[in-house]
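Below is one structure, written out as structure tokens; the observations come after it.
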Amino acid sequence: MEIVPGIYQLKIPIPDNPLGHLNCYLIEGKDGWLMVDTGWHTTEAFSSLNTGLRGLGLALSDIATIIVTHVHPDHFGLAGRIKHMSPATHLLTHRWESDLIESRYIKFSELRDKIAAMLERHGVPIADLSSLKSASMPALQFVTVTLPDHTLYGGEIISTGVYDLEIIWTPGHSPGHICLYEPQNQFLFSGDHILPSTSPNISYHVQSGDNPLGDYISALRKVQNLPVTKVLPAHEHIFTDLRGRIEQIISHHNRRKAEIEQIIMKETHNAYDISRQITWDTPGLVWEQLPPLHKRLAVTETIAHLECMRWEGQLRRIIKDNSVLYLTV
155 MEIVPGIYQL
165 KIPIPDNPLG
175 HLNCYLIEGK
185 DGWLMVDTGW
195 HTTEAFSSLN
205 TGLRGLGLAL
215 SDIATIIVTH
225 VHPDHFGLAG
235 RIKHMSPATH
245 LLTHRWESDL
255 IESRYIKFSE
265 LRDKIAAMLE
275 RHGVPIADLS
285 SLKSASMPAL
295 QFVTVTLPDH
305 TLYGGEIIST
315 GVYDLEIIWT
325 PGHSPGHICL
335 YEPQNQFLFS
345 GDHILPSTSP
355 NISYHVQSGD
365 NPLGDYISAL
375 RKVQNLPVTK
385 VLPAHEHIFT
395 DLRGRIEQII
405 SHHNRRKAEI
415 EQIIMKETHN
425 AYDISRQITW
435 DTPGLVWEQL
445 PPLHKRLAVT
455 ETIAHLECMR
465 WEGQLRRIIK
475 DNSVLYLTV
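Mapping to our numbering: the sequence shown position 316 is 470, numbers consecutive.
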């Protein structure tokens, strides 16, 4: 789909996923094209990417630069395969995302053990630990690993010779998540930072930093006053009301905090117990029926809310016998 001359959207399928597809963006340059996000490594996704490129009269070798908004498999998964077939293509990620690649996709056993220890401290029962700590392991098959040629910090201007793109660091969904702002058309390539109807998962984990939800809300506020005519997200559809959508997302998180506060009241609870009582968008499924990955994301998202509320002065964290408990102030 042509958005404006020289900027195109390709929809790369994500099988067996409610999001359906990843929006890969192609931006024209004088010395080659720039790609934003790749899709994940499946035969269907790679075929779809190639078909989309051929429809524009392009090949992988015409991609001069890939910018990955973050290294989750559906955004980063095909990067290694593309680099293998087009060695001159340069890959760019935020520095923090670059630092996650080895521990997540190559030497992941230490990270898995740290996740298990963190989940146990936050109340996950021993019976659930094994399945929850390994819940993300199936995603490894969807990634062809490569390392970036250059790293970003935020504030850089990447010029294709046709369009200029400002790199905006927007941590939260992932600690090194970035958005790209194109001022000529006032486009914001928002990655997973802002989606039109889905609230991105914001999880606390061993690589997230100490307040990922606080970071996320701050990053939402950072971009809300940009002059934006269109938001080009990594999933779902293009939309226009950036500020209105940001307010909806912040309201969602405020409602979740209020729900947590009602659950805790004046009695200490751990994150696992709280997550079991929260209202999740899982129609027809009770807590015990949730798949391990959904259950783990629910627990880590709950921790993110609890820690944000702690830093805001609403809660107190108590560590007792290697267990983490929370209490209203």
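By construction, the Cβ of each residue, glycine as well, lies at the ideal position given by its N, Cα and C atoms. For clarity, every value in this text was computed on a predicted model and none was experimentally measured.
Let me know the secondary structure DSSP gives residue i once reduced to three states.
i	result
Thr482	strand
Pro387	strand
Leu342	strand
Glu251	helix
His229	helix
Val190	strand
Val377	helix
Ser313	strand
Ile337	Note that residue 337 is Pro in the sequence shown here, rather than Ile. Correct three-state label for Pro337: coil.
Leu301	coil
Leu367	helix
Ser405	helix
Ser290	coil
Residue range of the alpha helix (DSSP H) that residue i falls in?
i	result
Gly183	Per DSSP, Gly183 belongs to no alpha helix (DSSP H) and is neither H nor E.
Gln295	First-last for Gln295: undefined, no H or E at that position.
Glu421	Here Glu421 belongs to no alpha helix (DSSP H), and DSSP marks it neither H nor E.
Ile322	From DSSP, Ile322 is part of no alpha helix (DSSP H) but of the beta strand (DSSP E) over Asp318 to Trp323.
Ala270	Ser263 to Arg275
Determine whether the beta carbon atoms of residue i and residue j lie at a separation below 8 Å.
i	j	result
His224	Asp346	yes
His229	Ala388	yes
Leu396	Val385	yes
Pro279	Gln340	no
Leu188	Thr324	no
Counting along the chain, where does the beta strand (DSSP E) carrying residue i start and finish?
i	result
His248	His244 to His248
Gln361	No beta strand (DSSP E) contains Gln361, which DSSP labels as neither H nor E.
Glu198	Element bounds for Glu198: not the beta strand (DSSP E) but the alpha helix (DSSP H), Thr197 to Gly209.
Ile161	Ile161 to Pro167
I'd like the list of long-range same chain contacts for residue i, defined as Cβ closer than 7 Å, with 5 residues on each side in sequence excluded.
i	result
Pro350	Pro387, Glu390, His391, Phe393 and Arg399
Ile255	Val225, Val299 and Leu301
Within the same chain, show all residues whose beta-carbon is closer than 6 Å to that of residue i, passing over the 5 residues directly before and after it, in chain order.
i	result
Ser344	Cys333, Val385 and Pro387
Pro366	Gly326, Ile356, Tyr358 and Ala458
Please go through the same chain and pick out, in chain order, the residues whose beta-carbon is closer than 8 Å to the beta-carbon of residue i, but skip the five residues on each side of it.
i	result
Ile260	Val299
Does the ligand SAH have a heavy atom nearer than 7 Å to the CB of residue i?
i	result
Ile311	This structure lacks the ligand SAH; in fact it carries no ligand of any kind.
query = Of all the alpha helix (DSSP H) runs that stay within the bounds of the region 425 to 475, which reach a length of 4 or more residues?
reply = 425 to 431 and 446 to 465
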